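To keep things clear, I will list the structure first and then write my remarks on it.
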Amino acid sequence: MTMLPAHSTPKKLGLVIDLDVCVGCHACVVSCKEWNTGGYGSALSDQDPYGADVSGAWLNRVHTFEVVPEGGEIVGEAGDARIVHFPKSCLHCEDAPCVTVCPTGASYKRSADGIVLVDEDKCIGCGLCAWACPYGAREMDLAAGVMKKCTLCIDRIYNETFEEVDRVPSCVRTCPANARHFGDLADPQSDVSIMVAQRGGMDLMPEQGTRPVNKYLPPRPRKSLADSARGLPLAENTDGAKGFFAWLDGMLDRI
Amino acid sequence: MHPAPSIILFTTLSGLGYGLAAVLGLGLLDPAAIATKFAHVLALALIGGGLLSSTLHLGNPQRAWRALSQWRSSWLSREGVMAIITFLPLVFSAWMAVFESRYLLLPGLLGTVLCLVTVYCTGMIYASLKSVQTWHTPLTPLCYLLFAVAGGFVLAGFFAFCGSGRTVLVPVLAIIFLIAAWAAKALWRDHMKRLVPLSTPESATGLGNIGHVRLFERPHVTENYLTSEMGFKVARKHAAKLWFVALIAGGVIPAGLFLSLLLTGAENGPFTAFIATLAVVTHMLGMLTERWLFFAEARHAVMNYYGG
């Protein structure tokens with residue numbers, strides 16, 4: 001069934017990704033691939049895995065962007081350019097265009113928790129859903145000929161044989177910097193909703209009208225590099241030295 | 256967007272097939288003529304061949320029947336359903352023409368309408384994708400429809416000169432629809448060139464309030480499914496020349512050939528059939544170029560994450 005749920009889903013499970021904290025280590029990328037190649041559906045295949053032209057299906061990728069403020073092309077002139085690491089996986093959109101274009105009913109959005117999934121036994125591998133997604137969240141598995149996407153680790157989050165702490169998506173569990181958070185974004189009292197409200201969590205490409213569930217927390221404002229450097233002690237300068245150091249400074253001057 | 260040969264071949268062949276079938280449904284050609292019987296068979300062969308080639312790009316073609324199930328939301332599914340429904344009146348009309356040498360008005364017109372609806376569904380598959388801004392316009396299905404009808408009249412013109420009669424009306428309509436189709440396509444191209452990108456690296460990352468965003472490092476050093484499928488760039492630099500080639504081969508030459516046949520008052524015969532064959536072949540080459548450009552020139556929103 002590729003009609004979207006008629007009503008807003010009671011739960012909106014999704015991720016909140018903190019762009020201020022992500023260090024770009026790609027641990028979530030590797031952990032995602034490792035978990036999902038052995039769990040739900042067919043394995044996540046690679047093509048030419050040990051060759052020069054390696055490629056493969058990944059459900060989560062980290063891009064890195066350089067952000068240059070207006071007039072900041074020359075160092076120290078306006079603001080400083082900054083590097084932002086940018087993890088990207090399926091945003092589990094409320095108006096998911098990938099779901100409605102599917103001709104077979106393989107692509108669907110769960111009415112209970114809003115997770116967008118692919119039923120691999122129905123997928124014909126036409127690739128239209130990947131075309132419809134503006135975020136590039138879907139990648140074809142070229143070996144199995146079916147579309148792959150983030151399942152929000154549906155085989156972890158509801159798995160009661162796991163410890164409570166492990167019932168989160170693999171990427172969230174793995175992140176060493178705590179940049180990824182999982183929760184119910186329909187519940188205003190959930191940790192993720194509070195985080196989004198406090199930090200001004202944002203949608204990616206709101207103009208595409210997809211209403212993504214996943215939110216991104218913007219990087220916090222940063223002092224300029226020159227301001228940060230001012231606080232550092234300078235070896236040549238002893239002005240303002242007190243106590244023992246003032247005495248030592250005087251004695252050394254006299255020698 | 257990656258111009259997959261199977262999809263280009265499918266949209267071109269089935270477009271021509273549906274166009275020819277739609278023209279045959281109008282009953283302009285003499286149903287008793289051998290050429291008209293061939294025309295009916297060719298239309299069905301083009302449509303069937305096109306549909307078969309469209310399954311070649313599927314990862315699991317053995318499940319293609321499932322694509323008929325989601326007609327309520329998916330234009331691709333609607334296209335599949337309409338293609339099958341359209342076969343019924345087309346096969347009936349072809350049977351009547353081939354074996355009974357008869358044309359029946361109602362099944363004929365029904366076939367014409369269903370052919371046009373099917374081609375409209377094909378155009379809407381592309382026009383419905385907001386992520387590919389170039390395609391996301393009502394001009395896309397209009398171009399698909401006009402090209403199908405123009406191609407149908409070009410093919411019908413060939414059969415007219417091969418003995419189906421109507422050697423004035425059909426070529427005149429072919430010229431009119433060729434002009435209309437390429438005018439619509441020129442509008443479409445103009446629309447494409449004046450587009451302000453809906454999404455930018457700034458809106459894609461949400462970092463626009465800090466400054467100008469540019470890609471520093473891709474997620475992987477090699478290409479992936481997304482960059483090869485959505486980030487096709489090869490020969491985009493030749494786009495202006497290819498557009499010229501498409502316009503000349505697909506529009507100007509066939510229209511010019513038909514016009515010269517009309518002006519010289521040529522009747523049926525081997526020479527006129529040869530000229531009409533040239534018109535059909537150049538039109539097909541032009542259409543293949545046009546379809547290739549349709550994909551190769553389209554930019555996908557995801558490339559905002561890949562620095563393209």
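Just so you know, the protein sequences line up as chains A and B, in that order. Mapping to this note's numbering: the first sequence position 178 is 178, numbers consecutive. For this note's numbering, add 255 to where a residue sits in the second sequence, where the first one is 1. Glycine is no exception: its CB is placed at the ideal position from the N, C-alpha and C atoms. Remember, it's a predicted structure, so these values are computed and weren't measured experimentally.
Query raised in the report: Within 10 angstroms of its Cβ, does residue 176 of chain A collect 16 or more other Cβ (buried), or is it exposed?
Result: exposed
Query raised in the report: Going along the chain, which unbroken runs of the alpha helix (DSSP H) with 4 or more residues stay wholly within the region 335-416 of chain B?
Result: 360-382 and 394-414
Query raised in the report: Which chain B residues sit within Cβ distance under 8 Å of residue 211 of chain A?
Result: Here the premise fails: no neighbours, minimum Cβ distance about 13 Å.
Query raised in the report: residue 258 of chain A versus chain B: which residues are under 9 Å apart at the beta carbon?
Result: Examination of residue 258 of chain A is not possible in this model, given that chain A is present from 1 through 255 alone.
Query raised in the report: Closest to residue 350 of chain B by CA distance: which of B:294, B:472 and B:457 is it?
Result: B:294
Query - Three-way DSSP call (helix, strand, coil) for residue 493 of chain B in this model - result: helix
Requested in this report: Taking only the alpha-carbon atoms, compute the straight-line gap between residue 525 of chain B and residue 420 of chain B and give it to the nearest angstrom.
Outcome: 14 Å
**Report entry** Below-8 Å beta-carbon distance, residue 227 of chain A vs any chain B residue
**Finding:** no
Query raised in the report: For residue 555 of chain B versus residue 387 of chain B, is the C-beta distance shorter than 8 Å?
Result: yes
Query raised in the report: For residue 370 of chain B versus residue 273 of chain B, is the C-beta spacing smaller than 8 Å?
Result: yes
Query - Amino acids of chain A, ordered along the chain, whose beta-carbon sits closer than 8 Å to that of residue 467 of chain B - result: 67, 68, 69 and 70
Query raised in the report: Are there 16 or more other CB atoms within 10 angstroms of the CB of residue 522 of chain B, so buried, or fewer, so exposed?
Result: exposed
Query raised in the report: Below 8 Å, can you find three or more Cβ-Cβ pairs linking the region 52-72 of chain A to the region 466-483 of chain B?
Result: yes
Query raised in the report: Does DSSP classify residue 258 of chain B as helix, strand or coil?
Result: coil
Query raised in the report: What beta strand (DSSP E) runs, 3 residues minimum, are completely inside the region 41-110 of chain A?
Result: 60-68, 82-89 and 107-109
Report task. In the DSSP assignment, find the unbroken beta strand (DSSP E) run with residue 148 of chain A in it and report its ends. Result -> 146-148
Requested in this report: Figure out for me which residue from B:557, B:271 and B:437 has the closest Cα to the Cα of residue 486 of chain B.
Outcome: B:557
Query raised in the report: Looking at C-beta atoms only, is the number of pairs between the region 308-315 of chain B and the region 122-141 of chain A that lie closer than 8 Å three or more?
Result: yes
Requested in this report: Classify residue 554 of chain B as helix, strand or coil using the three-state DSSP reduction.
Outcome: coil
Query raised in the report: Does any C-beta atom of chain B lie closer than 8 Å to the C-beta of residue 131 of chain A?
Result: yes
Query raised in the report: What are the start and end residues of each continuous beta strand (DSSP E) run of 3 or more residues lying completely inside the region 447-534 of chain B, in chain order?
Result: 467-472
Query raised in the report: Can a CB atom of chain B be found closer than 8 Å to the CB of residue 8 of chain A?
Result: no
Query raised in the report: Cβ of residue 53 of chain A less than 8 Å from any chain B Cβ?
Result: yes
**Report entry** Cβ-based burial, residue 538 of chain B [other Cβ within 10 Å; buried from 16]
**Finding:** buried
Query raised in the report: Does the Cβ of residue 244 of chain A have 16 or more other Cβ atoms within 10 Å, making it buried, or fewer, making it exposed?
Result: exposed
Query raised in the report: Helix or strand or just coil, what does DSSP make of residue 542 of chain B?
Result: helix
Query - Reduced DSSP category for residue 156 of chain A - H, G, I as helix; E, B as strand; rest coil - result: helix
Report task. Tell me, please, whether the CB atom of residue 440 of chain B is closer than 8 Å to any CB atom in chain A? Result -> no
Query raised in the report: Is residue 14 of chain A helix, strand or coil when you go by DSSP?
Result: strand
**Report entry** Interface flag, residue 480 of chain B vs chain A, CB-CB below 8 Å
**Finding:** yes
**Report entry** C-beta neighbour in chain D for residue 460 of chain B, strict 8 Å
**Finding:** In the displayed structure, chain D is absent; the protein chains listed are A and B.
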